[in-house]
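In the UniProt record's numbering, the protein residues as written are 1 to 63.
Below, the structure is given as structure tokens:
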């Protein structure tokens, strides 16, 4: 689970295992495996860093 900030400054938590695609157009759009799209202020690099940090925290080794 990672925190992301929506365009209206609302902070939400998403299940990082459900992330299918991250696009920057210039806003960052996260598409989940459910088809839901979330527009966020976070950059794709920030989101990837958050996912890696979260996975390492729960004991999953990411290279």
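Where a beta carbon is used, it is the ideal one built from N, C-alpha and C, also for glycine.
Alpha carbon to alpha carbon, how far is residue j from residue i? Give it in angstroms, no decimals.
{"i": "residue 15", "j": "residue 5", "result": "14 Å"}
{"i": "residue 47", "j": "residue 23", "result": "11 Å"}
Apart from the five residues on each side of it in sequence, which residues of its chain come closer than 8 Å, Cβ to Cβ, to residue i?
{"i": "residue 7", "result": "27, 39, 40, 41"}
{"i": "residue 43", "result": "24, 28"}
Thinking just about the alpha-carbon of each residue, which of the options is nearest to the one in residue i?
{"i": "residue 3", "options": "50, 43, 61, 33", "result": "50"}
{"i": "residue 21", "options": "45, 59, 54", "result": "45"}
{"i": "residue 35", "options": "43, 19, 25", "result": "19"}
{"i": "residue 60", "options": "17, 12, 25, 32", "result": "17"}
Buried or exposed: residue i, going by 16 or more other Cβ atoms within 10 Å of its Cβ?
{"i": "residue 30", "result": "buried"}
Any alpha helix (DSSP H) of 4 or more consecutive residues that is wholly inside the stretch 3–58: Counting whole runs of 4 or more residues, the stretch 3–58 contains the alpha helix (DSSP H) stretches 44–57.
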